[in-house]
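Remarks on the structure that follows.
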Amino acid sequence: MFRDTAGAVRLKPAELLVLFAVGAAGGLIGDAAHVQSQTTQYLDDSVPFIWESALWFPLLVGLATASAAELRLRLGSPRPGFDPRIAGAAIAALLAIYAITALVSDQPAGPATTLVIMLAVLVAAWLGGGTPAFACATAAALLGPAAEVLIVELELARYSPTADGLFGVPTWLPALYFAFGYVAARLAELAVARRAAAP
Amino acid sequence: MFRDTAGAVRLKPAELLVLFAVGAAGGLIGDAAHVQSQTTQYLDDSVPFIWESALWFPLLVGLATASAAELRLRLGSPRPGFDPRIAGAAIAALLAIYAITALVSDQPAGPATTLVIMLAVLVAAWLGGGTPAFACATAAALLGPAAEVLIVELELARYSPTADGLFGVPTWLPALYFAFGYVAARLAELAVARRAAAP
Amino acid sequence: MFRDTAGAVRLKPAELLVLFAVGAAGGLIGDAAHVQSQTTQYLDDSVPFIWESALWFPLLVGLATASAAELRLRLGSPRPGFDPRIAGAAIAALLAIYAITALVSDQPAGPATTLVIMLAVLVAAWLGGGTPAFACATAAALLGPAAEVLIVELELARYSPTADGLFGVPTWLPALYFAFGYVAARLAELAVARRAAAP
């Protein structure tokens, strides 16, 4: 096991890099859905763009993914058992919800928000992980939308008028980040469990 | 075990109250989605309202939930095993479908109905429960829409013109109630199994 | 076991017929969703129609289903274990995705395609089946859209202008066929496993 001086399990640099890359790639895919559906619009075109996203967006999502994963391991021992299918399904579930938010962003906020919350609850019930995973998800649900409120305040980007009911960001955004926290926590567990499964 | 004089398992008053409250709360959440998306519209404003719903609506859904749960236990022995995550996921799945009906209510009835039916089948296959659960779901799929047809006939509420293809109620409504029946039956089982799991 | 001269497991004629019928029925249901949502439009009305579909469409889907199932068994030993609930859930999941494609066909292609791809990944992760199932799904994802490109080229039918970004067929079509391949492969396994489960 890769551990810090206190003996707790930690992510290795290569694992953090993979989680960063997975997060950045997922951010690009999800953000493209938001931009193409006009859920979001970038206001500052002076920065480089990758696909539909300003360069800083996938970097932030990658950092958030690696940070949430690292937080997960600081909060308690990860569950054993490595199954790459769970990793793939968890990422796919999150990107499916991300795409759904793009598709419902012009619909009434009430049913759209209810749907995203319930899908996030289903992801949480499916992936589980107890208090540490719940803590990661709650932190993500608070910090993620707060960071996006700041992005809106800085006039770097904005949400469409049909999806800005929570201080300029969508009412379903905390639920999307909540699901993100559960997925990142599960990926952290799987990254550690993979070491034992490796030949 | 709490049993009637014939020895069959019965729900305790406190359990029935919890199921009533869960059903009433879920009814409020789902009905808000229907009202906000203009899937439904209340025509009689002379009664008190809670959130978006006429007072009688959450009461009816709460009663229906407790009744379906009680019916489930009269139809056979419940399965053992208590897991609160299943209860949460079952409720979330049903409310997700409820929200989806709100979001597709202005779409062509064919694909909307196919989607809701297939999601109800997935809920049934996931929660299982054999003949008793199927009977609860079938009873709900018949009686629930029938009660709503009556509500429409009494001009207390109406569905939008894009979602009234089945005697004034939506063609997807039986499937929504079918899923509701499976969820209520599972909650009844979990309520009984919780007794053995309690400390 | 029903085997060919080389000893490999094969589908019996009755099993192939059931798979053909399941595929044809599913094709009719899904195609009705596409026609009713104007995702697709038949251009040649000189052939007989069943429900919303030209006669040849359900026949082709039925043939594709039986062919994919037969391919699955030629690629390796099927997994044991018969559970009709899995068969029902797999078919329902595929028809749910089919209906979703109808409902999102007038939305921006980006988020619609991301959603369908992620749902297909979830179906693949759920049903599993290793390399043989993946091969069936990949073959379906290539040959299915190719056949539909031909249908469009022959001016027998066309997709709506909002869903024709891939040589005249939708960008989400390969993902729908990919999920179809996984479901057909799983049905093939269940058909064989059912023999052992039969009384």
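Residue numbers (our numbering), protein chains in the order written: chain A, 1 to 199; chain B, 1001 to 1199; chain C, 2001 to 2199. Glycine included, every Cβ here is placed at the ideal spot set by N, Cα and C.
Beta-carbon separation of residue i and residue j under 8 Å?
i	j	result
valine 1170 (chain B)	alanine 1141 (chain B)	For the sequence presented, residue 1170 (chain B) should be read as proline rather than valine. No. Outside cutoff.
alanine 2188 (chain C)	alanine 2069 (chain C)	yes
alanine 1179 (chain B)	valine 1104 (chain B)	no
alanine 157 (chain A)	glutamine 41 (chain A)	yes
methionine 2118 (chain C)	leucine 95 (chain A)	yes
valine 121 (chain A)	alanine 1092 (chain B)	yes
cysteine 1136 (chain B)	arginine 1072 (chain B)	yes
leucine 190 (chain A)	alanine 87 (chain A)	yes
phenylalanine 167 (chain A)	valine 183 (chain A)	no
proline 78 (chain A)	valine 192 (chain A)	yes
Could you check the C-alpha separation between residue i and residue j for me, to the nearest Å?
i	j	result
phenylalanine 2057 (chain C)	proline 1048 (chain B)	53 Å
alanine 2197 (chain C)	proline 2080 (chain C)	10 Å
phenylalanine 134 (chain A)	glycine 181 (chain A)	8 Å
alanine 21 (chain A)	glycine 62 (chain A)	6 Å
tryptophan 2126 (chain C)	alanine 2025 (chain C)	23 Å
glutamine 2038 (chain C)	alanine 2185 (chain C)	30 Å
glycine 67 (chain A)	leucine 143 (chain A)	The question names glycine, yet the displayed sequence has serine at residue 67 (chain A). Taking the straight line joining both Cα atoms gives about 12 Å.
alanine 1033 (chain B)	tryptophan 1051 (chain B)	11 Å
serine 1059 (chain B)	isoleucine 1151 (chain B)	Per the sequence shown, residue 1059 (chain B) should be read as leucine rather than serine. Rounded to whole angstroms, leucine 1059 (chain B) to isoleucine 1151 (chain B) spans 14 Å at the Cα level.
tyrosine 159 (chain A)	arginine 1010 (chain B)	51 Å
aspartate 106 (chain A)	tryptophan 2172 (chain C)	21 Å
glycine 1165 (chain B)	glutamine 2036 (chain C)	15 Å
glycine 2023 (chain C)	threonine 1138 (chain B)	26 Å
leucine 55 (chain A)	aspartate 31 (chain A)	11 Å
threonine 131 (chain A)	glutamate 2153 (chain C)	56 Å
alanine 89 (chain A)	alanine 2089 (chain C)	17 Å
Is residue i helix, strand or coil by DSSP?
i	result
arginine 2194 (chain C)	helix
arginine 2003 (chain C)	strand
alanine 2137 (chain C)	helix
threonine 2040 (chain C)	strand
valine 104 (chain A)	coil
alanine 14 (chain A)	helix
valine 1022 (chain B)	helix
alanine 8 (chain A)	coil
phenylalanine 1167 (chain B)	coil
serine 1160 (chain B)	coil
phenylalanine 1082 (chain B)	coil
serine 1077 (chain B)	coil
serine 1046 (chain B)	coil
State buried or exposed for residue i, treating a residue as buried only when at least 16 other CB atoms are found within 10 Å of its CB.
i	result
glutamate 2015 (chain C)	buried
arginine 2003 (chain C)	exposed
glutamate 1155 (chain B)	exposed
arginine 2085 (chain C)	exposed
alanine 2008 (chain C)	exposed
aspartate 2045 (chain C)	exposed
aspartate 216 (chain A)	Lying outside 1 to 199, the shown extent of chain A, residue 216 (chain A) is not represented and no answer is given.
serine 2053 (chain C)	buried
glycine 2129 (chain C)	buried
proline 13 (chain A)	exposed
threonine 1065 (chain B)	buried
proline 2161 (chain C)	exposed
leucine 75 (chain A)	buried
leucine 1043 (chain B)	exposed
leucine 19 (chain A)	buried
leucine 1947 (chain C)	Any answer about residue 1947 (chain C) is impossible in this case: the structure gives chain C only from 2001 up to 2199.
State whether the stretch 1086 to 1104 of chain B contacts the stretch 108 to 127 of chain A, with contact taken as three or more CB pairs (one from each stretch) at a distance under 8 Å.
yes
Got a sec: which bits of the stretch 1094 to 1122 of chain B sit with their beta carbon under 8 Å from any beta carbon on chain E, in order along the chain?
Checking the listed chains, one finds no chain E in this structure; the protein chains it contains are A, B and C.
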